[in-house]
Every structure is written in C-alpha cells, then in structure tokens.
Amino acid sequence: MMRKILAPLLTLAALAAGAAPAHADSGWSLLNMPQGVTAMSRQIYGLHMLMFWMCTAIALVVFSVMAYSIFTFRKSRGAVPDTSMVHSTTVEIIWTLVPIAILVATAVPAATTLIKTEDLRNSQLTVRVTAYQWGWNYEYLNSGVSFFSRLDRASDAARQLGSGVDVTTIPHYLLNVDNPLVVPVGTKVRLLITANDVIHSWWVPQFGVKKDAIPGFVNEAWFNVDADKPGLYRGNCAELCGRDHGFMPIVVDARPKEDFQSWLKAEQLQQHPPEASAPASAPAAAAP
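Counting in the numbering used here, the sequence shown runs from 25 upward without gaps.
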C-alpha cells in the first residue's frame, strides 16, 4: 500500500525537478500576480502582497508555537499533561481580540481598494463589451464605431486537428486577435460588459480587471493605462463558456491619445463613409 502511495508522488517530484530549470528565468513573476500598468492594478497588487505577508507572519507564529510545544513537551522527555487549567478568561480575551485586530487590519485596505475598483466617476471613454461564443464585440459609445474581435486566423488555422502547423512558429499562439480593442493611454476607460449567449468573463491581468459578462445583465469596470505604458496587453475569457473557451483571447492596444484619435476618425470614415455627392442635374434642353 505504501508503495502505491509513494510511486505517483515520486513521479510528480521527478517531473517537477525536470521542469524547474525551464522556468528558472521566470522567477517570482511566474508564481505571483503581475503589478500591471495601471494605478489600480498596482494597488490591488499591494493589497495582495499585504495579505500574503500577514498570512506568512501568522503561519510562522502558529507553526513555531506548535513545533516548540510538540518538541519541548513530548512524552519522551517526561512531560505530564496539566489537567488543572480548564478555563482562563485572560486567554479567551486575547484569542478573541487578536483575530479581531487582524480582521480590521485587513478589512480596511481591502474595502478601500474594492470601493475604488467600482468608482466609475469621471470616465472619459465608454466601451460596450458584448461577449459571445467565442469572441467579443466592442462598441465605442457616441462615436458610431464597433467591431468584432476573434482569434486571429493564423492561430485558428494552426489549432485545427491535423493542420500540420508547428504552433511554435505562430507569434502569440492563441493569444492574438484579428481586431484588438484600441484605447488611449492616460484615459479612464469605462467598460459596460454583457453577453448574448452564456456567461463569459473579460480578464486582462495587466489592468487588474476581471469582470463577468452575463446575458441580460450589464456589469461595469474601468481601467486607466499609465501614460508612459503604451503597447499591447493580452488576456482571456476567464469563465468556462463552451467548447472553444480556450480560443477566446483578449488584446488591448493602448496608444497615445493623438494616435487613438487618428485611429478613431479613420474607423468612423471606414464604417460610415460620407455619402457621395448627388450627380449634377442634366442641363435644361435649349428652347427651340
């Protein structure tokens, strides 16, 4: 029985040891959440690390006391259980006040951060995000610009069974789209998120945003990319939504404000071309 239990554990340990060098360069970032490119994502990261170190400190204290008690007062050293102390009001007060203090110390920053994530005031751009199986529709409100965003053709072709394509040759395999969401940096972008079929979830780790898209409901979220951090940021649908859930990436193209305005005007002209001027009326026939 012991061999049956140890065999799979040893196999897993060997696999982990063999895989470790492949991720040696990733370091702490492989295990931890990203700090992100928005002030809100960094605040969420700070809250995460505060909770992490508090839990670490509590664990160290608790397990240190446990280890000390186990090894110091063990039977082999002649320790005899003390059955005389059956109640201590002081101890009960202490073990009640300490958890309360810990809860308050964690609840205050957590509540502050949570309130900020829901603060949609002073938004400068609003985009309606509609999820469907398996892609996204982005509509820039009050601008007349909308488009669909799906897995890019190269990744879609390579993922097909029997395609024969080496996926390592596909840039950002399964993480690229045909039409990314374009936003300006240094701008508070408000998202109105919903779905037209099943539950999805719009998640971009670098923004600290993960919001469910639910049919019949509109959830709100916001982000503001740092003015000095333009670039492409990638995410995924984070709610199991059907067969092709794994092929539903998100790409956000954060551009300087001037570039965004130029892109928006070009999209408006492309999607709503000006009507061609009416042909000139035929000249009136000369009088006989």
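Heads up, the beta-carbon is just placed ideally off N, CA and C, and yes, glycines get one too.
Buried or exposed (CB count within 10 angstroms, at least 16 for buried), residue 237 | With 16 or more other Cβ atoms within 10 Å, it is buried.
Once you ignore the five residues that flank residue 178 on each side, which residues in its own chain have a CB closer than 7 Å to its CB?
-> Here residue 178 has 194 as same chain residues with Cβ atoms under 7 Å from its own Cβ, once five neighbours each way along the sequence are excluded.
Status (buried if at least 16 other CB within 10 Å, exposed otherwise) for residue 36 = Note on residue 36: pLDDT 40, under 50, position unreliable in the model; no value is reported.
Pull up the distance between the alpha-carbon of residue 197 and that of residue 191, whole angstroms please.
-> Whole-angstrom Cα-Cα distance: 7 Å.
Report the option in 245, 199 and 263 whose CA atom is closest to the CA atom of residue 256.
-> The shortest C-alpha separation from residue 256 is found at 199.
Using DSSP with H/G/I as helix, E/B as strand and the rest coil, what is residue 45?
-> Note that residue 45 has pLDDT 34, beneath the 50 cutoff, so the model's placement of it is unreliable and the number below is only indicative. Of the three classes helix, strand and coil, the one that applies to residue 45 here is helix, per DSSP.
Does the count of Cβ pairs from the segment 261-273 and the segment 166-184 closer than 8 Å reach three?
-> Judged by Cβ distances under 8 Å, the segment 261-273 makes contact with the segment 166-184, as three or more pairs qualify.
Grab me the residues of residue 126's own chain with a C-beta within less than 8 Å of its C-beta, minus the 5 sequence neighbours each way, in chain order.
-> For residue 126, same chain residues with a beta-carbon under 8 Å away, outside a window of 5 residues either side, are 78 and 82 in chain order.
Distance CB(residue 213)-CB(residue 151) smaller than 8 Å = The answer is yes: Cβ separation under 8 Å.
Selected residue, minimal CA-CA separation from residue 66, among 247, 295 and 298 = Among 247, 295 and 298, the Cα nearest to that of residue 66 is on 247.
Limits of the beta strand (DSSP E) - the one that residue 195 falls within | It is not in any beta strand (DSSP E) - residue 195 carries neither H nor E in the DSSP assignment.
Residue nearest to residue 259 in terms of C-alpha spacing, selected from 227, 64, 243 and 252 | Here the closest residue by C-alpha is 227.
On the DSSP bridge assignment, give the partners of residue 214 in chain order.
-> Under DSSP, residue 214 forms a beta bridge with 150 and 246.
Three CB pairs or more closer than 8 Å across the segment 132-146 and the segment 67-74 = The segment 132-146 vs the segment 67-74: in contact.
Closest Cα partner of residue 164 within the set 58, 292, 298 and 297 | Closest in C-alpha terms to residue 164, from the list 58, 292, 298 and 297, comes 292.
Specify, as a first and last residue, the run of the alpha helix (DSSP H) that residue 70 falls within.
-> First-last of the alpha helix (DSSP H) with residue 70: 63-96.
Tell me where the beta strand (DSSP E) around residue 177 begins and ends.
-> Taken as a continuous stretch (DSSP letters only), residue 177 belongs to no beta strand (DSSP E), being part of the alpha helix (DSSP H) at 177-182.
Separation of residue 155 from residue 129, as counted between CA atoms | Going by the C-alpha atoms only, they are around 38 Å apart.
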